[in-house]
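Colleague: Pasting in a structure now, in structure tokens, and then I'll have a few things to ask.
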Amino acid sequence: MQFAPTELSASEQQLRDDVREFLDAELPDDHVPGLGMAAGHDPEFSRKLAARGWLGMAIPREYGGHDRTAVDRFIVTEELLARGAPLGAHFAADRQSAPTILRFGSEEQRRRFIPKIVAGELWFSLGMSEPDSGSDLSSVRTAAKKVDGGWLLNGTKIWTSNAHRNHYFAVLCRTSPLGEDRHQGLSQLLVDLHDENVEIRPIPFLDGTHHFNEVHLDDVFVPDDMVLGEPGSGWQQVTSELAYERSGPDRFMSTFGLLKYFVDTYRDELDAQQARIVGEVTARYWTVRQLSLAVARIIDAGGAPAVESALVKDIGTKFEQDVIELIRDGVDGEVDPDGETLLETLLARAIVSGPAFTLRGGTTEILRSVASKGLRA
Amino acid sequence: MQFAPTELSASEQQLRDDVREFLDAELPDDHVPGLGMAAGHDPEFSRKLAARGWLGMAIPREYGGHDRTAVDRFIVTEELLARGAPLGAHFAADRQSAPTILRFGSEEQRRRFIPKIVAGELWFSLGMSEPDSGSDLSSVRTAAKKVDGGWLLNGTKIWTSNAHRNHYFAVLCRTSPLGEDRHQGLSQLLVDLHDENVEIRPIPFLDGTHHFNEVHLDDVFVPDDMVLGEPGSGWQQVTSELAYERSGPDRFMSTFGLLKYFVDTYRDELDAQQARIVGEVTARYWTVRQLSLAVARIIDAGGAPAVESALVKDIGTKFEQDVIELIRDGVDGEVDPDGETLLETLLARAIVSGPAFTLRGGTTEILRSVASKGLRA
Amino acid sequence: MSNDIDEIRSALRAMLGDTSTPEHVVAAESAGWNEGAWRVLRETGFAGIGVPESAGGSGGTLTEAAVVLGELGRASASVPYAEHALIAGWLATRAGKQLDAQVATAAVAPGLSVAADETLRGTVQRVPWARSADRIMVIIPDDDGASVAVLAGDSVAITPGRNFADEARDRVDLDGVAPVESWRIDADGLEQVRLRTAFARAALIAGALARVLELTVRYTGERVQFGRPIGRFQAVQRHVVKTAEQTSLATMAVEAAAHGEREELDLPAAASAKIVASQAATISSAHSHQAHGAIGMTKEYELGQLSRRLWSWRDEGGTAQHWSRRLGTAVAAAGTDAVWPLVSSGTDAAARSRA
Amino acid sequence: MSNDIDEIRSALRAMLGDTSTPEHVVAAESAGWNEGAWRVLRETGFAGIGVPESAGGSGGTLTEAAVVLGELGRASASVPYAEHALIAGWLATRAGKQLDAQVATAAVAPGLSVAADETLRGTVQRVPWARSADRIMVIIPDDDGASVAVLAGDSVAITPGRNFADEARDRVDLDGVAPVESWRIDADGLEQVRLRTAFARAALIAGALARVLELTVRYTGERVQFGRPIGRFQAVQRHVVKTAEQTSLATMAVEAAAHGEREELDLPAAASAKIVASQAATISSAHSHQAHGAIGMTKEYELGQLSRRLWSWRDEGGTAQHWSRRLGTAVAAAGTDAVWPLVSSGTDAAARSRA
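Residue numbers (this note's numbering), protein chains in the order written: chain A, 25 to 401; chain B, 25 to 401; chain C, 3 to 357; chain D, 3 to 357.
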């Protein structure tokens, strides 16, 4: 493990100040913070961020990006999450789709998609999971058959966040039959969510809200130039992609608002147990954040922090859940889902969403296997 | 799962009252409680218990036992543990060796060993673990070669508690070569710990105290009549034996003294957090105890509560450890291993011994596999 | 008696299989309760279990009541049984009165004031099922016990509220309301109300957890990943076993607290039941969701409807923390030598009261 | 600077490889400390890291001091570096004095009283290494800061005491002892003593945990059960990964708290380091022991000597709970809008002080 504490440079500190000032100005007084990645889907907000140069930060200028660092992206992201800003429209595209297309896509794909993502105009969903394929991605059944000029795609994707709002999604599928090596013959196809042969059905979340969708693909024609990279290289793409999304601030900040508004609610009458809770949660945030930031520095230095990322994701997502229980303990009463304070509102939503934190982006169980192997290497 | 709450009959309540009275009379005023099974080894105390009929309670009268129930044995055991009484001399023999010999031994073995165990005169250790065989008992390397009139036994046993004080131990070994079925060809031999070819070396415990031993067997001659049951039936014996030892009060009571002396120390100045700790620990003790008692009732009714036993052991041993952390939290300061109060003394010893609670008698990991399979059955 | 219990359990399970289907559960979440299930429970007399026959109930002790609550929890049936029978019905019986109500609810209401003319004024927060009740019993604590007042449901102003499972937890505003009836209870009576409220939520939790365990065992046995059922992986086994353990603990604590033909609950047993059940709700929901993965986070799948109830019920009737403090204070007051007699009291309330 | 750090680390590791072997560790437990290791640390100047060269030390900041502590923790080397250099040496330097001692120790001593003639009376509990110290610095807090008094080791009565690792934690009785020297410090100085004491124990913990992780990875990779290394089982992997995570957290918290050329520690960083490290000690020792099985419970095997230190150091210098309350009180006092600036202050103490 190679975690090192790091300090922010003057320009990084300036960036942070700029983002804070922007958020002070842009978020309305009655802004209700979102819970991390599940925060609001607000195209206008995303476009404003793009206008400031805060999307596609680590993307090269030639594709509309800003040639900045993983740490710069970290700083913008953590500030957005700390305020529960409505980053839903751009978040998956910015974190995952743009870097993936940059790395694996054709030049034409890069020019077609990345500038629009970076402008906050084009929103992506992820199309990995299937009804019978959760952690075991190599078992996907969605399959594309070669036809003249492209592929005919059939199958069902599930848990597709924001498919009903976004423009495209990258569909992991079989482009050649299942052989001995389960990891061969997979590809990612970039699919227009508005295609008439794509049917999107909501999967209501636990509390009735709508984030997830089931996406049915019924003879969807996908032109050859919408296969990401070479056909058959899908497995390599998605496994490296999972590493991208592991260790950022979105993996430990989802419930930060609970601490903030707990302090806000109880600061003048804090008892010993509540003081203890505030102190413990603060100490752990401060430390987890440094670990996550250290991973961004390793990436900027050209490293491949696979083990570190897996550890930080496991630490961070478990911590997000611990925060819920610690704050709930400090509140000590019935939690009203229609409560009048921001603390009550956030706590209620966190309780309902919390179990998902250690599921999304690869379950804890899968991560630990990755980390465990890496520790022996 | 078949746990049912149960009430003690009048005679069971009488038994409990008798044991309490006995302990009030027998334990000196300056008695320092032991931690569960690791409590003192006091032959005189064991003989006194035997004289009251409180060893071999569930053993038939014809072997010197008392034809009583598993619940009666439970009652005596929990009272001893609640006081941290010095049960080390008889405990393994009474809990494990006598029932095993009764079930699997020859009539001659029964008559030879059981009455003395029940009298508190004969003390047994367990000889399962080996340096290269922990949870995986079928991999034992200790082996016995057939010779005229008996067996020549060679090998090394490890973690043998009280081997330096006891008389005999039951040695799991190979009596025929390892074949395709690893569980075949194993036997238990009853070995005199005072045999001149048996060498006992202490393995100092973490804190320098002496419980464990390494026992070297160098051409130890074991007569044919000291093979427990039929040669080759060792695997069946030890697996059923493990079930016996799983769910009794020794699996949740080891750290009971912490609660008692925590109350004793803080009762007049209990703050809110300490009150909470006392309440939580009390509630969990009360409930875990009922689960453990329910298993004893199932046994008395002729049931085979394998899943229930495994669950109770897992719950109980983890709870013993949780109690240490909860009480430590309530004390909130440096723990002095030479502290002047019983609370300090017990807490210090519990901290040092605690990790073993979830190891002995089959690790948590093995237990969960047993329980998990049983839940599907 | 155990035959009776088995009969009650299987009759209720069948009845709730008809009246608390997935569709009914969804509909109940819009309405705030499951009116159809309640009607059948009333018609068949199950709604009166725990209230003596002499007082218009169906008889039965707290053990039978726990079975009813367990089945209701298991079936996610949103009905006012606990409040109607175990609080309002019990209080009425204790006062020698008959409770004349289709749906009664009850709540301890420290925020109410009683005027000289006996009219009531003030607000009561989060009253279960208030919007559907024709009788609302408010219990107003004071130094010597409490005043109990029975209000007509249409005499108060109700603002709908809910818990995580969209069960009605309504605000009730009283603006000089004259009760239909009122009487005094002593401090013991008030304490029983609190213990019964806590116990009832613990029993609902235990029933729900039994179902959570079934779902978890089934799902992990059926769901295949990497070529075998996920229940074959040690990491998943751990989640299943932890769920089973917590279910056993909650169920045992509830059953043991009610055990015997007792009329009253005692603090150690009822507090233990609520402490253990509330903690079990938290721990089990974490493990069962982790074992289920994404499917558990959907509204359709049964686990979610149970989880939302568990997240509500663990706090309702007093949190684990609240009851731990109360129990701990009582244990310390009883003194060092009383600790073991209390812990080992088992189902014997008399032994606890001596401790 | 990072070259310096690597050099310090590797030089110390080599030196402790010679002077803190398993035999030395066992011997130190009888003696209460490792005198030989300390002599070499003195001779080579490592014992003076963190004390300015102008004051007779070897220079270096808290970052270098954390490296020294980490190596000492890793090697189970029972020496008074924290007390000698980081507390006594630092206090002397701050007062413009040279500390003339082979072995100095230091302790905050609220139980002492100062007579008009400046002699001291009273008892100080659990003073580290007191029996071996030729100078004992007592820091007697009062309303405005504290009095610091330097005592000759042979002027006090010492009753040996110990922690779990048999490191000397002695009782010191003063019966009208005249100090060799004394002076006043302000409240900031007293606070620094407390923060440094906590920080030093956190740094020892982080070093020990790094070694615990190595042992756990090695053992689970080598130990074979059921035909394969136990590290291939998911249940064991979980223990290894949790140990790695806690080690990362403790190490990061310590390094970040010391980061930069700072002279002083601040409350949020030092408290966080001790909170996170103390919790890591508890969690890691549970997981590493479970991964090791019985061998971990023996005196010979290295894990045990590390665990006994972790169980001591987590409480010494203030428990996680103590520092959580202090930090939480400070965070609440700073107010809602200061929470995020503080959490995100990273290695920037100035940002924390503005928060």
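Don't be surprised by glycine CBs; every beta carbon is placed ideally from N, CA and C.
Relative to chain D, which residues along the region 245-275 of chain B have a C-beta separation below 8 Å, given in chain order?
Modeller: Here the close residues number zero.
Colleague: What residues in the region 299-315 of chain A bring their beta carbon closer than 9 Å to a beta carbon of chain D?
Modeller: If the cut-off is 9 Å between Cβ atoms, the region 299-315 of chain A has 299, 300, 301, 302, 303, 304, 305, 306, 307, 308, 309, 310, 311, 312, 313, 314 and 315 near chain D.
Colleague: My understanding is that residue 53 of chain D touches residue 92 of chain D, with C-beta atoms under 8 Å, so please give their C-beta distance in whole angstroms.
Modeller: Translated into positions along the fourth sequence, residue 53 of chain D becomes position 51. Translated into positions along the fourth sequence, residue 92 of chain D becomes position 90. 7 Å between Cβ atoms; contact.
Colleague: Step through the CB atoms of chain D and report whether any lies within less than 7 Å of the CB of residue 236 of chain C.
Modeller: As a working note, residue 236 of chain C is residue 234 in the third sequence. By this cut-off, residue 236 of chain C is an interface position.
Colleague: Under a Cβ-count criterion, where at least 16 other Cβ atoms within 10 Å of its own Cβ denotes burial, should residue 228 of chain D be classed as buried or exposed?
Modeller: What you label residue 228 of chain D is simply residue 226 of the fourth sequence in a count that begins at 1. Counting Cβ neighbours within 10 Å, residue 228 of chain D comes out exposed, since fewer than 16 surround it.
Colleague: Going along the chain, which residues of the region 274-289 of chain C sit with their C-beta nearer than 8 Å to a C-beta in chain A?
Modeller: So the close ones are 284, 287 and 288.
Colleague: Taking 7 Å as the CB-CB limit, is residue 327 of chain D close to chain A?
Modeller: Reading the fourth sequence from its first residue, position 325 is the one you call residue 327 of chain D. True, the Cβ-Cβ gap to chain A drops below 7 Å.
Colleague: Just mark residue 154 of chain B as buried or exposed, buried being the case when its beta carbon has 16 or more other beta carbons within 10 Å.
Modeller: Your numbering for residue 154 of chain B matches position 130 in the second sequence. It counts as buried.
Colleague: Relative to the C-alpha of residue 195 of chain D, which candidate in D/320, D/33 and D/10 has its C-alpha closest?
Modeller: In the fourth sequence, residue 195 of chain D corresponds to position 193, counting from 1. Cα-wise, what sits closest to residue 195 of chain D is D/320.
Colleague: Counting only runs that start and end within the region 314-365 of chain B, where is the alpha helix (DSSP H) found for 4 or more residues in a row?
Modeller: Runs found: 330-355.
Colleague: Can you find a C-beta in chain A that's less than 7 Å from the C-beta of residue 297 of chain B?
Modeller: In the second sequence, the residue the question calls residue 297 of chain B occupies position 273. Yes, its Cβ sits closer than 7 Å to a Cβ of chain A.
Colleague: Reducing DSSP to helix, strand and coil, say where residue 11 of chain D ends up.
Modeller: The residue given as residue 11 of chain D occupies position 9 in the fourth sequence. Of the three classes helix, strand and coil, the one that applies to residue 11 of chain D here is helix, per DSSP.
Colleague: What's the C-alpha gap between residue 287 of chain A and residue 65 of chain B?
Modeller: Along the first sequence, read from residue 1 onward, the residue named residue 287 of chain A stands at position 263. Along the second sequence, read from residue 1 onward, the residue named residue 65 of chain B stands at position 41. Those two C-alpha atoms are separated by around 54 Å.
Colleague: So with CB distances below 7 Å, who are the chain B contacts of residue 342 of chain C?
Modeller: Counting from one through the third sequence, the residue named residue 342 of chain C turns up at place 340. What residue 342 of chain C touches in chain B: 106 and 284.
Colleague: Please state whether the Cβ-Cβ distance between residue 271 of chain B and residue 336 of chain B is less than 7 Å.
Modeller: In the second sequence, the residue the question calls residue 271 of chain B occupies position 247. In the second sequence, the residue the question calls residue 336 of chain B occupies position 312. A contact, by the Cβ cut-off of 7 Å.
Colleague: How would you list, in chain order, the residues of chain B whose beta-carbon sits under 8 Å from the beta-carbon of residue 240 of chain C?
Modeller: In the third sequence, residue 240 of chain C corresponds to position 238, counting from 1. The answer, in chain order, is 392.
Colleague: May I ask you to report which of helix, strand or coil DSSP gives residue 67 of chain B?
Modeller: In the second sequence, the residue the question calls residue 67 of chain B occupies position 43. DSSP places residue 67 of chain B in helix when its eight states are reduced to three.
Colleague: If we cut at 7 Å on Cβ distances, does residue 149 of chain B have a partner in chain D?
Modeller: If you number the second sequence from 1, residue 149 of chain B lands on position 125. By this cut-off, residue 149 of chain B is not an interface position.
Colleague: Cβ of residue 307 of chain A within 7 Å of Cβ of residue 277 of chain D?
Modeller: Start at 1 with the first residue of the first sequence, and residue 307 of chain A comes out as number 283. Start at 1 with the first residue of the fourth sequence, and residue 277 of chain D comes out as number 275. Going by C-beta atoms, residue 307 of chain A is nearer than 7 Å to residue 277 of chain D.
Colleague: Report, in whole angstroms, the separation of the C-beta atoms of residue 67 of chain A and residue 174 of chain A, which I expect to be a contact under 8 Å.
Modeller: Mapped onto the first sequence, residue 67 of chain A falls at position 43. Mapped onto the first sequence, residue 174 of chain A falls at position 150. Wrong, their Cβ atoms sit about 30 Å apart, outside the cutoff.
Colleague: Terminal residues of the continuous alpha helix (DSSP H) containing residue 46 of chain B?
Modeller: Your numbering for residue 46 of chain B matches position 22 in the second sequence. Residues 34-50.
Colleague: For residue 73 of chain A, which of A/84, A/373, A/49 and A/302 has the nearest alpha-carbon?
Modeller: Working through the first sequence from its first residue, we reach residue 73 of chain A at position 49. Out of A/84, A/373, A/49 and A/302, A/49 has the C-alpha closest to the C-alpha of residue 73 of chain A.
Colleague: Buried or exposed for residue 323 of chain C, going by 16 or more other Cβ atoms inside 10 Å?
Modeller: As a position in the third sequence, residue 323 of chain C is number 321, starting the count at 1. Under this definition residue 323 of chain C is a buried residue.
Colleague: Please report how far the alpha carbon of residue 174 of chain C lies from the alpha carbon of residue 136 of chain C, in whole angstroms.
Modeller: Along the third sequence, one-based indexing puts residue 174 of chain C at 172. Along the third sequence, one-based indexing puts residue 136 of chain C at 134. Straight-line Cα distance between these residues: approximately 13 Å.
Colleague: Terminal residues of the continuous alpha helix (DSSP H) containing residue 290 of chain A?
Modeller: Residue numbering aside, residue 290 of chain A sits at position 266 when the first sequence is read from its first letter. Where residue 290 of chain A is concerned, the enclosing alpha helix (DSSP H) stretches over 280-290.
Colleague: Return the CA-CA distance between residue 395 of chain A and residue 240 of chain D, expressed in angstroms with no decimal places.
Modeller: Here the question's residue 395 of chain A lines up with position 371 in the first sequence. Here the question's residue 240 of chain D lines up with position 238 in the fourth sequence. Taking the straight line joining both Cα atoms gives about 10 Å.
Colleague: In angstroms, rounded to a whole number, what distance separates the CA positions of residue 31 of chain C and residue 228 of chain A?
Modeller: Your numbering for residue 31 of chain C matches position 29 in the third sequence. Your numbering for residue 228 of chain A matches position 204 in the first sequence. Whole-angstrom Cα-Cα distance: 14 Å.
Colleague: Using only the alpha-carbon positions, how far apart do residue 289 of chain D and residue 341 of chain B sit?
Modeller: Here residue 289 of chain D is taken as the residue at index 287 of the fourth sequence, counted from 1. Here residue 341 of chain B is taken as the residue at index 317 of the second sequence, counted from 1. Those two C-alpha atoms are separated by around 15 Å.
Colleague: Looking at the C-beta of residue 128 of chain D, does it have a partner C-beta in chain B at a distance below 7 Å?
Modeller: On the fourth sequence, residue 128 of chain D is found 126 positions in, with the first residue counted as 1. Yes, contact with chain B.
Colleague: In chain order, what are the residue ranges of uninterrupted beta strand (DSSP E) at least 3 long that sit wholly in the region 149-227 of chain A?
Modeller: List check, beta strand (DSSP E) in window: 167-171, 174-181, 192-198, 210-216 and 222-227.
Colleague: Using the Cα positions of residue 354 of chain A and residue 316 of chain C, report the straight-line distance between them to the nearest angstrom.
Modeller: Position 330 of the first sequence, counted from the start, is the residue given in the question as residue 354 of chain A. Position 314 of the third sequence, counted from the start, is the residue given in the question as residue 316 of chain C. Cα to Cα, the separation comes out at about 15 Å.
Colleague: Thinking residue 198 of chain B and residue 239 of chain B are a contact (beta carbons under 8 Å), I'd like their distance in whole angstroms, please.
Modeller: Along the second sequence, read from residue 1 onward, the residue named residue 198 of chain B stands at position 174. Along the second sequence, read from residue 1 onward, the residue named residue 239 of chain B stands at position 215. Not quite, the Cβ-Cβ distance comes to about 17 Å (not below 8 Å), so this is no contact.
Colleague: Taking 7 Å as the CB-CB limit, is residue 227 of chain D close to chain B?
Modeller: As a working note, residue 227 of chain D is residue 225 in the fourth sequence. Yes, contact with chain B.
Colleague: For residue 158 of chain B, which residues in chain D fall below 9 Å Cβ to Cβ?
Modeller: For the purposes of this step, residue 158 of chain B is taken as the residue at position 134 of the second sequence. Result: 225, 227, 232, 295, 296 and 297.
Colleague: Which of the three DSSP states is assigned to residue 108 of chain D in this structure?
Modeller: As a position in the fourth sequence, residue 108 of chain D is number 106, starting the count at 1. Reduced to three states, the DSSP call for residue 108 of chain D is strand.
Colleague: Spatial neighbours of residue 268 of chain D within its chain, please: CB distance less than 6 Å, with the 5 preceding and 5 following residues excluded, ordered by chain position.
Modeller: For the purposes of this step, residue 268 of chain D is identified with residue 266 of the fourth sequence, where counting begins at 1. Excluding positions up to five away in sequence, the list reads 351 and 354.
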